[in-house]
Amino acid sequence: MASCDALLCKCPVSKNVSPQGFICRNSSHSFILVEGSSESSPSVDVTTNDSLSSTSCTTGTTSNSDNMSSLGENSANGELRSKRTAGYRVSCPGENCVHMSNFSIDEHDVGAESSEDSLSTSDGIENSPFVGFVHKPHMAHDGKWEAIQSVQSKEGPLGLHHFRLLKRLGCGDIGSVYLAELKGTKCCFAMKVMDKESLVKRKKLLRAQTEREILQGLDHPFLPSLYTHFDTEKFTCLVMEFCPGGDLHMLRQKQLRKHFSEPVVRFYAAEVLLALEYLHMMGIIYRDLKPENILVREDGHIMLSDFDLSLQCVVRPTLVKSASVTDSDHTKRVSAYCVRPICEAACITPACVAPVCIPPSCLVPKLLTSLSFKKSRKSKQDAGGIRSCSLPELLVEPTGARSMSFVGTHEYLAPEIIKGEGHGSAVDWWTFGILLYELLYGKTPFKGGGNRATLFNVVGQPLKFPDSPIVSHAAKDLIEGLLVKDPEERLACRRGAVEIKQHAFFEGVNWALVRSMAPPGIPGPFESNLLASRPTSNPLSRSATVSHVPGRLEESIPPGQYLEFNFF
Ligand SMILES: Nc1ncnc2c1ncn2[C@@H]1O[C@H](COP(=O)(O)OP(=O)(O)OP(=O)(O)O)[C@@H](O)[C@H]1O
Numbered sequence: 001m002a003s004c005d006a007l008l009c010k011c012p013v014s015k016n017v018s019p020q021g022f023i024c025r026n027s028s029h030s031f032i033l034v035e036g037s038s039e040s041s042p043s044v045d046v047t048t049n050d051s052l053s054s055t056s057c058t059t060g061t062t063s064n065s066d067n068m069s070s071l072g073e074n075s076a077n078g079e080l081r082s083k084r085t086a087g088y089r090v091s092c093p094g095e096n097c098v099h100m101s102n103f104s105i106d107e108h109d110v111g112a113e114s115s116e117d118s119l120s121t122s123d124g125i126e127n128s129p130f131v132g133f134v135h136k137p138h139m140a141h142d143g144k145w146e147a148i149q150s151v152q153s154k155e156g157p158l159g160l161h162h163f164r165l166l167k168r169l170g171c172g173d174i175g176s177v178y179l180a181e182l183k184g185t186k187c188c189f190a191m192k193v194m195d196k197e198s199l200v201k202r203k204k205l206l207r208a209q210t211e212r213e214i215l216q217g218l219d220h221p222f223l224p225s226l227y228t229h230f231d232t233e234k235f236t237c238l239v240m241e242f243c244p245g246g247d248l249h250m251l252r253q254k255q256l257r258k259h260f261s262e263p264v265v266r267f268y269a270a271e272v273l274l275a276l277e278y279l280h281m282m283g284i285i286y287r288d289l290k291p292e293n294i295l296v297r298e299d300g301h302i303m304l305s306d307f308d309l310s311l312q313c314v315v316r317p318t319l320v321k322s323a324s325v326t327d328s329d330h331t332k333r334v335s336a337y338c339v340r341p342i343c344e345a346a347c348i349t350p351a352c353v354a355p356v357c358i359p360p361s362c363l364v365p366k367l368l369t370s371l372s373f374k375k376s377r378k379s380k381q382d383a384g385g386i387r388s389c390s391l392p393e394l395l396v397e398p399t400g401a402r403s404m405s406f407v408g409t410h411e412y413l414a415p416e417i418i419k420g421e422g423h424g425s426a427v428d429w430w431t432f433g434i435l436l437y438e439l440l441y442g443k444t445p446f447k448g449g450g451n452r453a454t455l456f457n458v459v460g461q462p463l464k465f466p467d468s469p470i471v472s473h474a475a476k477d478l479i480e481g482l483l484v485k486d487p488e489e490r491l492a493c494r495r496g497a498v499e500i501k502q503h504a505f506f507e508g509v510n511w512a513l514v515r516s517m518a519p520p521g522i523p524g525p526f527e528s529n530l531l532a533s534r535p536t537s538n539p540l541s542r543s544a545t546v547s548h549v550p551g552r553l554e555e556s557i558p559p560g561q562y563l564e565f566n567f568f
């Protein structure tokens, strides 16, 4: 349940309509997504990492004539993707107008083909002395903030010369991530370095901008803190919290039987769930949940990473249950419900372009109509033991948002994405189900012989559970609820994360205190753990391991030696 205090609602102010015309707003705060592509071609653009060469991150593009091309019709290179690497997408210029009732979609992916997009001018803050500064209330006492601010106050805006790059941690579709020390301090950060020219050439500038905007707006214990960001002539850099514990994919591979025990899964899944819930409240559909993107912090808690495929929309709080009604009486009264105005804080979110307060009208909760409950999922919800509760219940989820993009990782793609039906926040609950399955069983449920087979399995094959390892009925029931192929019948599609939190699998979890729970493991000191032994490219990872900073940075830096900035 989203409490009034927890609410973070985005201003329903219209975003600047870009030259590509992404978003129009109608008179009743409803938004129409108009895809940015000016081309009227009905073709489907498929951008895939499969065309990456082993040494560069150049991306190939191919066209197909229908959405089912996503089921593995060959790209120029044979398959859409050969690995579990996120980053390919299909935009559908032929279906370029999606009407939404409550939400606006700021689909930066859409129309990312614009060559005039610019990372450095959208908010005009690059010229400010507080370049990259972001206010993060929950991090107020973090020493790293203090270190950054102290250097900034003495030396002005931070730049690459303030950091010493120690090691390349990995490489994604739009940039390389380095372990970076703030000079003169003992503070280490993860610095994502993206080559601006390469972003422009590969039409990824808007993806990079989306990621930065999302990161700037986040302030949650299980999501990355963006300490600062800056641009140089050649590079755009994000300075984030560094996670020394690796990712859950790597950790799972290290387990004796390549899967986690149920209590361990419960711990990690609970934290992921809270992070997703927060993202949805912020109007962000994550779209790339997989073990590779769940990093383990120094304290053993998790951090979701990689937001370049995420979708930004605007959410409006919706009352799904007023204060005095029972579950069977969802739609009775709105009077018992109050929304505390949060306008002072709310407009710092990235989707808000104009820094104005939320007009009162957007705080008026909309009662879900009985229509919304027509297809009630009583069986699965009952299995979760939904409690009758006298408190009002709010839905702050972008459940109505719809995107036509084809993004994600084959084994984790939701059926509605594959079928090109348009998708909303329910895709994150699907991927949450796949994640639970993989962490518990050591494999994903629909994996086929190739990517095409996998996609067909996702759409057409029923969910099956292996006999071993033995997994509890509650866990299987939760997975079944999440892996319902029809997104409208999927667990959490109506009441959001609360439906999952109340499921028997999470019985006993004190949701308010999850961040104080003892983690299953704590990474060793990263000097030895990471600097000395961790390979630059994790051989266990299914992520791309190619660089976006061609020829500029060393593959690996011997311990004790540093990459100095004259490399740039
Ligand atoms: N905060 C961090 N702390 C430690 N390692 C990180 C951090 N962020 C990223 N990494 C490492 O850097 C690698 C690259 O991350 P990045 O987010 O750029 O790309 P990715 O996860 O491979 O996905 P994509 O291709 O979609 O961008 C990750 O695989 C991870 O191993």
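Letter 290 of the sequence shown, counting from 1, is numbered 290 in the UniProt record's numbering, and no numbers are missing. We treat Cβ as the ideally placed atom computed from N, Cα and C, and that holds for glycine.
| Query | Result |
| --- | --- |
| Judging by CA-CA distance, which residue of Asp-173, Arg-164 and Leu-199 is the nearest neighbour of Lys-183? | Arg-164 |
| If we ignore side chains and look at the alpha-carbon of each, how far apart do Ile-105 and Thr-236 end up? | Annotation note: pLDDT 33 at Ile-105 (below 50); position unreliable, no value reported. |
| Closest to Ile-522 by CA distance: which of Glu-298, Leu-158, Glu-488 and Leu-309 is it? | Glu-298 |
| Using a 10 Å radius around the Cβ and a threshold of 16 neighbouring Cβ atoms, would you call Ile-470 buried or exposed? | exposed |
| Does the Cβ of Leu-274 have 16 or more other Cβ atoms within 10 Å, making it buried, or fewer, making it exposed? | buried |
| How would you label His-423, buried or exposed, when you count the other beta carbons within 10 angstroms and need 16 or more for buried? | buried |
| What is the DSSP secondary structure of Tyr-227, reduced to helix, strand or coil? | strand |
| Closer than 7 Å to a non-hydrogen atom of ligand 1 - does that hold for the CB of Asn-293? | yes |
| CB of Met-240 to nearest heavy atom of ligand 1: below 7 Å? | yes |
| Taking C-beta to C-beta, are Ala-180 and Met-191 nearer than 8 Å? | yes |
| Exposed or buried, what is Leu-295 when buried is set at 16 or more other beta-carbons lying within 10 Å of its beta-carbon? | buried |
| For the beta strand (DSSP E) that Glu-438 lies in, which residues bound it at each end? | Taken as a continuous stretch (DSSP letters only), Glu-438 belongs to no beta strand (DSSP E), being part of the alpha helix (DSSP H) at 426-441. |
| How about Ile-174: is its Cβ closer than 7 Å to a heavy atom in ligand 1? | yes |
| Do Phe-505 and residue 574 come within 8 Å of each other at the CB atom, strictly closer than that value? | This structure cannot settle anything about residue 574, because the visible part of the chain is limited to 1 through 568. |
| Rounded to the nearest angstrom, what separates Arg-387 and Val-498 at their Cα positions? | At Arg-387 the pLDDT is 38, less than 50, meaning the model places this residue with poor confidence and gives no usable figure here. |
| Let me know the alpha helix (DSSP H) ranges lying completely inside the stretch 168-203, each 4 residues or longer, listed in chain order. | 196-201 |
| Asp-477 by DSSP, collapsed to three states: which one? | helix |
| Give a yes or no on contact between the stretch 482-498 and the stretch 425-443, applying the rule of three or more CB pairs nearer than 8 Å. | yes |
| So is the beta-carbon of Gly-420 under 7 Å away from any non-hydrogen atom of ligand 1? | no |
| Within 8 Å (strictly less), CB to CB, does Gly-184 reach chain B? | In the displayed structure, chain B is absent; only one protein chain is listed. |
| Quick one: is the Cβ of Ser-225 within less than 7 Å of any heavy atom of ligand 1? | no |
| Mapping DSSP to helix, strand and coil, what is Phe-373? | With a pLDDT of 33 at Phe-373, under the threshold of 50, the predicted position of this residue should be treated as unreliable, though the coordinate-derived value follows. Reduced to three states, the DSSP call for Phe-373 is helix. |
| Classify Ala-475: buried if its beta carbon has 16 or more other beta carbons within 10 angstroms, exposed otherwise. | buried |
| Since Lys-234 and Lys-203 are thought to touch, with beta carbons under 8 Å apart, how far apart are those beta carbons, to the nearest angstrom? | Incorrect: roughly 18 Å between the Cβ atoms, too far for contact. |
| Just checking, does the stretch 511-521 make contact with the stretch 300-310 on the three C-beta pairs under 8 Å criterion? | yes |
| Counting Cβ pairs, one atom from each stretch, are 3 or more of them under 8 Å apart for the stretch 481-493 and the stretch 249-259? | no |
| Going by the C-beta, is Cys-187 closer than 7 Å to any heavy atom of ligand 1? | no |
| Rounded to whole angstroms, what's the CA-CA distance from Lys-501 to Gly-442? Just pull it up for me. | 23 Å |
| For Phe-163, write down the residues that DSSP places opposite it in a beta bridge. | Leu-182 |
| Thr-228 and Ile-148 look like a contact to me (Cβ under 8 Å); what is the Cβ gap, rounded to whole Å? | 6 Å |
| Could you give the distance in angstroms between the alpha-carbon of Cys-389 and the alpha-carbon of Glu-277? | The pLDDT assigned to Cys-389 is 44, lower than 50, so where the model puts this residue is not dependable; a value taken from the coordinates is nonetheless given after this. Answer to the nearest angstrom: the Cα atoms are 20 Å apart. |
| What residue ranges within the stretch 282-319 form continuous beta strand (DSSP E) runs of no fewer than 3 residues, ordered along the chain? | 294-296, 302-304 and 311-313 |
| Can you tell me where the alpha helix (DSSP H) with Leu-248 in it begins and where it stops? | 248-254 |
| When the Cα of Lys-447 is compared with those of Glu-480, Tyr-412 and Ile-479, which residue comes out closest? | Tyr-412 |
| Whole angstroms is fine: what's the gap from Gly-156's alpha carbon to Asp-231's? | 14 Å |
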